[in-house]
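Report on the following structure.
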Amino acid sequence: MVFAHDTESAMRTAVALVNTMTPPDTLTTVGELEGFFRTWDYTGRHNRTGAELAEVRATRARLLMLLRSDRDDAVELINEWLAEAQAVPQLVRHGDVDWHVHGVRGDEPLAQRILVESAIAMIDLVRADEMSRLKPCAAAGCEGVVLDLTRNRSRVFCSSSCTNRASQAAYRARQNH
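Structure (structure tokens):
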């Protein structure tokens, strides 16, 4: 299944944000939030304050609930979040990014924009019955989330770190037998 650019981007961002919670937490300072903002090409309001950091950190648990939910529960959360934000999806174009959907204005708080953009992206996964693209990381002890956009649904680890740890463990296991 091929998703629109903004759907893939919002889903990758949501998963990346949720995965900042896996130890060690990598979203603990305003500087780390600034890096996240730049890495994931956010536009619009960005206050660069401790309060904004706290709001974005608080969204992680809500996003995790959405990313781990089944299809029907996801619909309830999506509808709740869109109503809560009084979302009015509109097509926008800025910078090098062609037409894509924003659900709220760019001057709304960053945490709200993240939730709404994630909810809008999840609409595509729900409608296409592709919720299985989201799954837990297969690495032992990892609580991360995997967004598997591969054609054959073969991605099982949330990060290269988990991939490397699993590969090293498998190598060591082969050497001991």
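Counting in our numbering, the sequence shown runs from 1253 upward without gaps. The beta carbon of each residue, even a glycine, is placed where N, CA and C say it ideally should be.
Just to confirm, are residue 1269 and residue 1315 a CB contact at a threshold of 8 Å? Counting from one through the sequence shown, the residue named residue 1269 turns up at place 17. Counting from one through the sequence shown, the residue named residue 1315 turns up at place 63. Contact: yes.
With a cut-off of 8 Å on the beta carbons, I'd call residue 1379 and residue 1399 a contact; round off their distance for me. As a first step, residue 1379 must be located in the sequence shown, where it is residue number 127. As a first step, residue 1399 must be located in the sequence shown, where it is residue number 147. Residue 1379 to residue 1399, Cβ: 17 Å. No contact.
Identify every residue that forms a DSSP beta bridge with residue 1338. By 1-based counting over the sequence shown, the position of residue 1338 is 86. DSSP output for residue 1338 lists no bridge partner at all.
Give me the Cβ distance between residue 1408 and residue 1425, rounded to the nearest whole Å; I'm assuming they're in contact under 8 Å. Indexing the sequence shown from 1 puts residue 1408 at position 156. Indexing the sequence shown from 1 puts residue 1425 at position 173. 17 Å between Cβ atoms; not a contact.
For residue 1327, which of 1341, 1376, 1351 and 1360 has the nearest alpha-carbon? What you label residue 1327 is simply residue 75 of the sequence shown in a count that begins at 1. Among 1341, 1376, 1351 and 1360, the Cα nearest to that of residue 1327 is on 1376.
Given 8 Å, three or more beta-carbon pairs between the stretch 1357 to 1368 and the stretch 1289 to 1304: yes
Are residue 1291 and residue 1284 closer than 8 Å when you measure CB to CB? On the sequence shown, position 39 is the one that residue 1291 refers to. On the sequence shown, position 32 is the one that residue 1284 refers to. No, the Cβ-Cβ distance between residue 1291 and residue 1284 is not below 8 Å.
Buried versus exposed, by CB contacts within 10 Å (16 or more), residue 1343: Residue numbering aside, residue 1343 sits at position 91 when the sequence shown is read from its first letter. Exposed, since its Cβ has fewer than 16 Cβ neighbours within 10 Å.
Could you tell me how far apart the beta carbons of residue 1373 and residue 1263 are, in whole angstroms, since I believe they sit closer than 8 Å? In the sequence shown, the residue the question calls residue 1373 occupies position 121. In the sequence shown, the residue the question calls residue 1263 occupies position 11. Contact flag correct, Cβ pair sits at about 5 Å.
For residue 1394, which residues of its own chain have a beta-carbon under 7 Å away from its beta-carbon, when the five flanking residues on both sides are left out? To locate residue 1394, count along the sequence shown from 1; it is residue 142. Closer than 7 Å at the Cβ level, and outside the excluded window around residue 1394, lie 1274, 1410 and 1414.
Using C-beta distances below 7 Å, list every residue in its chain close to residue 1333, excluding the 5 sequence neighbours before and after it, in chain order. To locate residue 1333, count along the sequence shown from 1; it is residue 81. Hits under 7 Å: 1367, 1368 and 1371.
Option nearest residue 1388 by Cα separation, candidates 1396, 1381 and 1364: Working through the sequence shown from its first residue, we reach residue 1388 at position 136. Residue 1388 has its Cα closest to that of 1396, out of 1396, 1381 and 1364.
Using DSSP with H/G/I as helix, E/B as strand and the rest coil, what is residue 1353? Counted from its first residue, the sequence shown places residue 1353 at position 101. Strand.
CA-CA distance, residue 1423 and residue 1257? For this step, residue 1423 is matched to residue 171 along the sequence shown. For this step, residue 1257 is matched to residue 5 along the sequence shown. For residue 1423 and residue 1257, the distance between alpha carbons rounds to 37 Å.
Using the Cβ count rule (16 or more neighbours within 10 Å means buried), how would you classify residue 1429? The count along the sequence shown starts at 1 and reaches residue 1429 at position 177. Exposed: under 16 other Cβ atoms inside 10 Å.
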